[in-house]
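Shown next, in structure tokens, is the structure this report addresses.
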Amino acid sequence: MNIEIKREAQRRGITRLCHFTPSRNLVHIASGTSGILATRKLQEDERTVFTATDLSRLDRHEGHIFCSIEYPNAWYFDKARLADVLFRDWVVLLIHPKYLWLDGTKFCPRNAAAAFGREIKEGAEAFMALFADSVQGASGYTFHRTSSHLLCCPTDEQAEVLIPDRVPLNDILGIVASSEEQVKNELSRFRHLGIPEDRFKFIIAPTMFKKRALSTCIRSGRRPTEKLWSPGGSNDT
Numbered sequence: 009m010n011i012e013i014k015r016e017a018q019r020r021g022i023t024r025l026c027h028f029t030p031s032r033n034l035v036h037i038a039s040g041t042s043g044i045l046a047t048r049k050l051q052e053d054e055r056t057v058f059t060a061t062d063l064s065r066l067d068r069h070e071g072h073i074f075c076s077i078e079y080p081n082a083w084y085f086d087k088a089r090l091a092d093v094l095f096r097d098w099v100v101l102l103i104h105p106k107y108l109w110l111d112g113t114k115f116c117p118r119n120a121a122a123a124f125g126r127e128i129k130e131g132a133e134a135f136m137a138l139f140a141d142s143v144q145g146a147s148g149y150t151f152h153r154t155s156s157h158l159l160c161c162p163t164d165e166q167a168e169v170l171i172p173d174r175v176p177l178n179d180i181l182g183i184v185a186s187s188e189e190q191v192k193n194e195l196s197r198f199r200h201l202g203i204p205e206d207r208f209k210f211i212i213a214p215t216m217f218k219k220r221a222l223s224t225c226i227r228s229g230r231r232p233t234e235k236l237w238s239p240g241g242s243n244d245t
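Going by our numbering, the letters in the sequence shown line up with residues 9 to 245, in that order.
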């Protein structure tokens, strides 16, 4: 465990990691006992359930699960959703932040696919680099961190965290959906497969699914509205 990373993460108020996935993957995760698995851990029959995006983008890091800090990488998220013409429903899985300071976790200050993953590194220095005053991102663009930027969020919104192997079910803190209707659809799938409806906490946060709106919130220091879903109605979190 890296104490330096843990202290810095807590100082910044980081409460979670995010991993986005199509709804069909959520049903597969929820109906099993393994949790979220890295590509290398998936059996061949499990691979057929997951999208080509999940399987191909890991490149040289098939043993890791790609996540972002506090909010999803909405820019890549949008690209992945548009690429999947058959499955339009996606969710964001919220993961315990402890993986930031556990051994084996790696960091990239920009999209990890850049330069074939050569900027992916491990350790406290690599973690601190996520919050540098300036970070060179996609297409040679340099992102500059301002005083209004949310303290918990990396300078480049496409910065990524690579968790090794797997995330157990009990480390999934909640599931984010874009609307109440989507939550009801997810729970309907759960009931159909005999999955307990209370397996996960569901949160409604439409801004997480809108790249420009989410970016504006992060850079202006405003947290997007999130509502905890309950059968009697959602509540602000």
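Glycine residues also receive a C-beta, built at the ideal position from the N, C-alpha and C atoms.
Separation of phenylalanine 208 and leucine 236 (C-alpha to C-alpha, rounded to the nearest whole angstrom) is 11 Å. Listed in chain order, the non-local C-beta contacts of alanine 46 below 6 Å within the same chain comprise Gly71, His72, Ile73 and Asp173, local neighbours out to five positions each way being set aside. Excluding sequence positions up to five before and after tyrosine 84, its CB lies within less than 7 Å of the CB of Asn119 and Gln166, all in the same chain and listed in chain order. Straight across, the Cα-Cα distance linking isoleucine 11 with leucine 195 is about 39 Å. Counting of Cβ neighbours within 10 angstroms places lysine 114 among the buried residues, the total reaching 16 or more. Under the three-state reduction of DSSP output, glutamate 130 falls in the strand class.
Counting of Cβ neighbours within 10 angstroms places methionine 9 among the exposed residues, the total staying below 16. DSSP places serine 142 inside the beta strand (DSSP E), whose first and last residues are 142-144. Secondary-structure assignment with DSSP links isoleucine 103 through a beta bridge to Leu25 and Ile180. In this chain, glutamate 194 is not harboured by any beta strand (DSSP E); it is covered by the alpha helix (DSSP H) spanning 188-201.
Using a C-beta cut-off of 8 Å, the region 177-196 makes contact with the region 210-227, since at least three inter-stretch Cβ pairs fall below that distance. For cysteine 75, the uninterrupted beta strand (DSSP E) segment begins and ends at 72-77. Taking alanine 134 as the centre and dropping the five residues before and after it, the same chain places the C-beta of Phe115 closer than 6 Å to its C-beta, in chain order. Judged by DSSP in its simplified three-state form, alanine 120 adopts coil rather than helix or strand. When the beta-carbon positions are compared, proline 105 and alanine 140 stay at least 8 Å from each other. Annotation: the continuous beta strand (DSSP E) that includes glutamate 168 extends over 168-172.
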